[in-house]
Amino acid sequence: MDGRIRRIREQAALRDLDAIVLSNPYDVLYASGYNSILERWWLQEPVSAVIVPTETTKPVMLVIPEANIALLAVMGEQGRPDRADEIRPFELLNFCEVARAEDPHYRLGAIVAAVMEIHGERVRGASQPDLIAAIKLALSDHGIEGGKVAFDDLRVGHYVARGPGALSIEVEDALDSMLLARIVKTPEELAAFRRIGKKADYAVQVAASLLRLGVTWDEFQHDVSNEMIRAGITPVDDGAMLFGGAFSGEFIPELFRTRHDRPLQEGQIVILETLGTCEDYWIDINRTAVIGVPSKAYQQLHDTVRAGYLKMISAMRPGVSTGDLGAIGLAHLRDHGVSAPEKLLVMVHGVGHMPVELPIPYPANGIAGARGFTLQENMVVSVDCLYFGSEHGPCHMENVYIVTADGAECTYQTPLELMGPR
Numbered sequence: 003m004d005g006r007i008r009r010i011r012e013q014a015a016l017r018d019l020d021a022i023v024l025s026n027p028y029d030v031l032y033a034s035g036y037n038s039i040l041e042r043w044w045l046q047e048p049v050s051a052v053i054v055p056t057e058t059t060k061p062v063m064l065v066i067p068e069a070n071i072a073l074l075a076v077m078g079e080q081g082r083p084d085r086a087d088e089i090r091p092f093e094l095l096n097f098c099e100v101a102r103a104e105d106p107h108y109r110l111g112a113i114v115a116a117v118m119e120i121h122g123e124r125v126r127g128a129s130q131p132d133l134i135a136a137i138k139l140a141l142s143d144h145g146i147e148g149g150k151v152a153f154d155d156l157r158v159g160h161y162v163a164r165g166p167g168a169l170s171i172e173v174e175d176a177l178d179s180m181l182l183a184r185i186v187k188t189p190e191e192l193a194a195f196r197r198i199g200k201k202a203d204y205a206v207q208v209a210a211s212l213l214r215l216g217v218t219w220d221e222f223q224h225d226v227s228n229e230m231i232r233a234g235i236t237p238v239d240d241g242a243m244l245f246g247g248a249f250s251g252e253f254i255p256e257l258f259r260t261r262h263d264r265p266l267q268e269g270q271i272v273i274l275e276t277l278g279t280c281e282d283y284w285i286d287i288n289r290t291a292v293i294g295v296p297s298k299a300y301q302q303l304h305d306t307v308r309a310g311y312l313k314m315i316s317a318m319r320p321g322v323s324t325g326d327l328g329a330i331g332l333a334h335l336r337d338h339g340v341s342a343p344e345k346l347l348v349m350v351h352g353v354g355h356m357p358v359e360l361p362i363p364y365p366a367n368g369i370a371g372a373r374g375f376t377l378q379e380n381m382v383v384s385v386d387c388l389y390f391g392s393e394h395g396p397c398h399m400e401n402v403y404i405v406t407a408d409g410a411e412c413t414y415q416t417p418l419e420l421m422g423p424r
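Structural data, given as structure tokens:
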């Protein structure tokens, strides 16, 4: 059994659930390895689902448009096969009808043979009118009725329990259980994070190399995005950066990123947080850069923040609350006389198919998310250390770590040093 399915089933068993139904694209990807261009439409209505029965004798079912079964063959050829035991098809608008229409001139190719093989081995049941109908049929066929089923989208659960073919189930929320399952990584996921660490290093280093006096912020962002794409990284968007904005013609390095078409100046501080995905996992690296030689005072600030950051990292191990790490950094800045030490933001969060994964009850993105959670071995966490003080300017740094039995393993190798042209 795949480790990710095992973790989902463990969470389901803790709540005495009969199954968990996943239709959020991140959860579908986590449970089955499946995603497609359709998920990148970010429709409010899901276009795929995975059903994970708690009983290990029952199959993990992937619910997808019938026309997308060919994509499973492509994924397999590319070395990233889906992990579902059974495929449950449904109609996507009229794409599937057209796909089934006869064409006397169509040449049967290798992909048709591959699709027919998938049909024969794993497709069960006729294509249903929609996703909800396909989920209902799949649950019913495997006797999952009359019990408790959790859904990561309660609207899906609402309609599965109502309307034609409604199932007599108790609908529960799966969101918290899924975050608890996903926050501790499997060996396969840990290996992926070690691989993509090299991509994160490349992204921030190429960003630093493209930073130069006189370049506009917009031009710089687009250049970085292009380089990331060529390296096999999908940027968060066309700008790639998290920080760096402008208002009234002034560049503000600590503002969440906006456009700015004016040249960067000598002495300008730039926060290089290059965001994107590689192998469907997020990279999340942050370094601070200065255009030109930094002042002695700013260099000292950076060195002090870095020393505090390393103290926090040295305290990481299973059983430690992430909320305690910020206190270590704050105390260090106070002890070394940094102005406005309370402007230090320390945020520890899980990283995976989402850039922020917090294993605390919903809603997690409010202040509760900053109060922390207990580290466990094989968690993958990003440690943000973001100083927003204004005396000398902001100073940020961030790495992603694998929590080990006795500490933390950094997945990035780029030194925690000030970057930028000198």
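Going by this note's numbering, the first residue of the sequence shown is number 3, and it counts up by one from there. Here a beta-carbon is modelled for each residue, glycine too, at the ideal position from N, C-alpha and C.
Boundaries of the beta strand (DSSP E) around Asp386: Val382 to Tyr389.
Cβ contact annotation for Ala136 (same chain, cutoff 6 Å, sequence separation greater than five): Val65, Arg90, Phe92 and Gln130, in chain order. By the 16-neighbour rule on beta-carbons within 10 angstroms, Glu359 is buried. If you ignore the 5 residues before and after Thr279, its C-beta comes within less than 6 Å of the C-beta of Thr236, all in its own chain and listed in chain order. Around Leu212, the same chain offers Phe222, Asp225, Val226 and Glu229 as residues with beta carbons nearer than 8 Å, after the five sequence neighbours per side are excluded. The secondary-structure analysis by DSSP pairs Pro91 across a beta bridge with Ile66. With respect to Cys387, His394 sits apart: the two C-beta atoms are not nearer than 9 Å. Per DSSP, reduced to three states, the secondary structure at Ala14 is helical.
The Cβ-Cβ distance between Arg264 and Gly246 does not fall below 9 Å. Between Ile198 and Ile287 the beta-carbon gap is near 10 Å, outside 8 Å, which marks them as no contact. Between Leu420 and Val292 the beta-carbon gap is near 6 Å, inside 8 Å, which marks them as a contact.
Looking at the backbone, the Cα of Lys150 and that of Tyr32 are separated by about 22 Å.
Of Gln415, Val353, Arg102 and Ser316, the smallest CA-CA separation from Asp408 is found for Ser316. Between the stretch 188 to 198 and the stretch 11 to 21, the count of Cβ pairs shorter than 8 Å is below three; the stretches do not touch. With 16 or more other CB atoms across the displayed protein chains lying within 10 angstroms of its CB, Met63 is buried. Between Val173 and Ala163 the beta-carbon gap is near 5 Å, inside 8 Å, which marks them as a contact. Per DSSP, the unbroken beta strand (DSSP E) holding Leu274 starts and ends at Ile271 to Cys280. Sequence-distant Cβ neighbours of Val158 in its own chain, meaning closer than 6 Å and more than five residues away, are Ser25. Following the DSSP letters along the chain, one finds Ala209 inside the alpha helix (DSSP H) bounded by residues Pro189 to Leu212. The three-state reading of DSSP puts Trp284 in strand, counting E and B together. Straight-line measurement puts the Cα of Gly354 at about 16 Å from the Cα of Thr276. In this structure, Asp84 sits away from Ser142, with a CB-CB distance that is not shorter than 9 Å. Around the beta carbon of Lys298, fewer than 16 other beta carbons lie within 10 angstroms, which makes this residue exposed. With contacts defined as CB atoms closer than 9 Å, Gly167 and Lys138 qualify as a contacting pair. Proximity to Gly368 across Val322, Asn380, His351 and Glu191 peaks at His351, based on C-alpha coordinates. Closest in alpha carbon position to Ala233, among Leu244, Val217 and Ala205, is Ala205. Cα atoms of Leu110 and Val117: separation of roughly 11 Å, rounded to the nearest angstrom. For the pair Ala86 and Tyr36, the CB atoms are nearer than the 9 Å cut-off. The three-state reading of DSSP puts Ala233 in coil, since its state is none of H, G, I, E or B. If you draw a 10 Å sphere on the C-beta of Asn96, you find fewer than 16 other C-beta atoms in it, and that means exposed.
Residue Met381 holds the alpha-carbon nearest to the alpha-carbon of Ser323 among Glu79, Met381, Ala248 and Gly145. Assignment of Ser323 by DSSP, reduced to helix, strand and coil, places it in the strand class. Contact between Tyr389 and Lys345 holds, with the beta-carbon distance rounding to 6 Å and staying under 8 Å.
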